[in-house]
Each structure stands twice: as C-alpha cells, then as structure tokens.
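Enquirer: Below you'll find the structure I mean.
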Amino acid sequence: MSHVNVKANRHRLAAIVGIGVIAATLALSGCGTPTAGAAAVVGDERISEDTLNSEVQAVLSLQGLPATDSSNELITSTLDQMITTILVNELANREKIEVTQGEIDDLRLQYIAQAGGAEAFEAQASQQGIAIADVDSIIRVNIQVSKLGDVLSPNTEPDAKSGAVFLAISELSTEIGTEVSPRFGTWDPESLTVGPSSNSLSEPQSVDLGSE
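Numbering (this note's numbering), first residue to last: 15 to 226.
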C-alpha cells in the first residue's frame, strides 16, 4: 500500500507520528477558546491537560526516561498527535471512509516484516515512544490519510494527494475550531503546526508530570 508523503508546508503534510516507514499525518490549526484545564479543544472534543500529561509520561516511560525529563518539543509533538487523530477521524467520517481490522492487520504485518520481525518492530516502536497497544490506532490514521488522498485527489501523484489532504484538514480545523491552550503555544495556520506563544515574554511551560 502506498502512503501520502508528508512534509511541513502548504503542499505536503507535516509528519508527526511514525514507526520507521509509518508516515502519519498532519498537524493542525484553527480558532476558538480552550475551556479551563484543556490543553486543546478541537470542535466539540476537549483534550484535557491530565490526558496530555498521561500521554507524555507514557512516552517517557517507554523511552526509559524519568518523568521529569519532559521537554517542550515532546509535549508539543504529543499534543499534535492527539489533535491530528481527532481531525483525521472527523474528515474520514465526513468522506465516509472506513478502515477494516483486516487492513490494519495486513499493514501491521508489512511493518513487522520491514523491521525484521516482531521483536525488532516492538523495539523500534518503544524507541519512538509508541506503545504496542497504540500501534493499531496509528496504522488506522495512516490508512485514513492514504484513502483521503485517493478520494480528494484521485489519479494524481503523491504530492498532489498530500496537498489535497493538507487543504482539507486546514479547512476542517478552521471550520470546527481548533485551539491549543496559550501555555503550550499558538496555531500557525500556514504550516498547520503548534508554534511558540505570540507573547514574546512568555516561555513555553512544561506540563506537570507528577503523580496523577
């Protein structure tokens, strides 16, 4: 199965999720006002700071790092991934795109073969902070992105498919409203990524990774 090539500009998608050759998806943009305690709000869906904390802690644990080793880059990329999944799922639902468990299983087997076996695949995933339990959801997003490219820009080269999906996600994020809490940064609508806070006096803050 071919996949959409993704890069951070208006013509390609920004890759934020992956295991080796798993090229997942996008980052986002939008407008709105996060509710109290929310790391981000995407349409009617809210990503709480507690949920973000848990995801960051899980990544650090998989990488064998202490909870206190979180960085702004890790926090931002984790939040990107969470928001991206919401947007891709919404767009796939609108386009009536379905992904079967059989498709996920087949692609997982391809990735395992490319990695050199199940143990190597699991090790590769852990190094990138991806729990094996989360692999299927990542593969689902990859398949959704690939299918979206085929629907939105059929019979075209991968770059054209990437551009079509990028534009559709950008328009969707604006339509439903997507916002990240100012403590984590601001949305850049041109690149569809989380950028630094517009307040130059404010430094990005790490989330509290203490015990839940």
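Ideal Cβ positions, reconstructed from N, Cα and C, are used throughout, including at glycine.
1. DSSP puts Ile153 in a beta bridge; with which residues?
2. Please classify Asn156 as buried or exposed, where buried requires at least 16 neighbouring CB atoms within 10 angstroms.
3. Following the continuous beta strand (DSSP E) through Ser62, name the residue where it begins and the one where it ends.
4. Tell me which residue opens and which closes the beta strand (DSSP E) that Val102 is part of.
5. At which residues does the beta strand (DSSP E) containing Glu112 begin and terminate?
6. DSSP beta-bridge partners for Gly209?
7. Is it buried or exposed, Leu123, if we count other Cβ atoms within 10 angstroms and call 16 or more buried?
8. Assuming Ala52 and Leu93 are in contact, meaning their beta carbons sit under 8 angstroms apart, how far apart are those beta carbons, in whole angstroms?
9. Throw me the rounded Cβ distance for the Gly143 and Val73 pair, which I believe falls under 8 angstroms.
10. For the ligand NAD, I want to know if Ile144 counts as a neighbour, meaning its beta carbon is within less than 6 angstroms of at least one of the ligand's heavy atoms.
11. Work out the CA separation of Asp120 and Ser75 for me, nearest whole Å.
12. The alpha helix (DSSP H) that contains Glu133, what's its start and end?
Expert: For this structure:
1. Its beta-bridge partners do not exist; DSSP assigns none.
2. buried
3. Glu59 to Ser62
4. Per DSSP, Val102 belongs to no beta strand (DSSP E); it is in the alpha helix (DSSP H), Asn86 to Arg108.
5. That residue, Glu112, is in no beta strand (DSSP E); it is neither H nor E in DSSP.
6. Thr200
7. exposed
8. Their Cβ separation, rounded to whole angstroms, is 11 angstroms, which puts Ala52 and Leu93 out of contact at 8 angstroms.
9. 3 angstroms
10. With respect to the ligand NAD, the structure offers nothing, as it holds no ligand at all.
11. 28 angstroms
12. Ala132 to Gln141
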